[in-house]
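K.L.:
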Amino acid sequence: MHDYSIVSALIEQCQLHVSNHQANSIVRVALKVGVFSGVEPSLLQTAFDTFKLEGICRNAELKLTIQPLRLQCHDCGGDAEPTSRTIVGPACGSFNT
Ligand SMILES: [Zn+2]
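Here is the structure:
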């Protein structure tokens with residue numbers, strides 16, 4: 001259900017872009033999904049393929065890119081791409097990230 005509401009909002013955004021740019025169709029929708037966003041890419045793909053059929057995105061391909069979490073520490077300037085969900089600075093342990 002979560003995925004369907006995301007896709008519904010996404011397609012609404014696409015329709016807005018089409019209106020704003022006097023376009024006729026959409027070929028590709030490129031979406032970046034945060035690795036810890038809680039979004040399951042395959043479910044999002046299925047939801048898109050289902051919802052797109054009746055709208056402006058009916059001929060569009062959904063291109064999903066998984067984005068890593070990036071942290072930058074405001075105290076020491078260190079940065080990292082942690083492999084688990086965290087807000088702690090990688091080098092100094094600060095929460096000021
Ligand atoms: Zn730090």
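What the sequence shown shows, in the numbering used here, is residues 1 to 97, in sequence order.
For each residue, glycine too, the CB sits at the ideal point set by N, CA and C.
Every value quoted in this text rests on a predicted model; they were computed, and no experiment measured them.
Classify residue 86 as helix, strand or coil using the three-state DSSP reduction.
P.N.:
Coil at residue 86, not helix or strand.
K.L.:
Quick check: what's the CA-CA separation for residue 22 versus residue 38?
P.N.:
34 angstroms
K.L.:
Alpha carbon to alpha carbon, what distance is there between residue 92 and residue 66?
P.N.:
27 angstroms
K.L.:
What do you reckon, is the C-beta of residue 79 under 7 angstroms from a heavy atom of ligand 1?
P.N.:
no
K.L.:
I'd like the list of long-range same chain contacts for residue 45, defined as Cβ closer than 8 angstroms, with 5 residues on each side in sequence excluded.
P.N.:
62 and 64
K.L.:
Check residue 13 in the structure and name its three-state DSSP category.
P.N.:
helix
K.L.:
I'd like to confirm the pairing. Which residues does DSSP put opposite residue 33 in its beta bridges?
P.N.:
Here residue 33 is bridged, per DSSP, to 66.
K.L.:
Could you tell me which of 94, 17, 49 and 19 sits nearest to residue 75, measuring between CA atoms?
P.N.:
94
K.L.:
Would residue 60 pass as a contact of residue 33 if the rule is Cβ separation under 8 angstroms?
P.N.:
no
K.L.:
Using the Cα positions of residue 40 and residue 52, report the straight-line distance between them to the nearest angstrom.
P.N.:
Spanning the two alpha carbons is a distance of roughly 18 angstroms.
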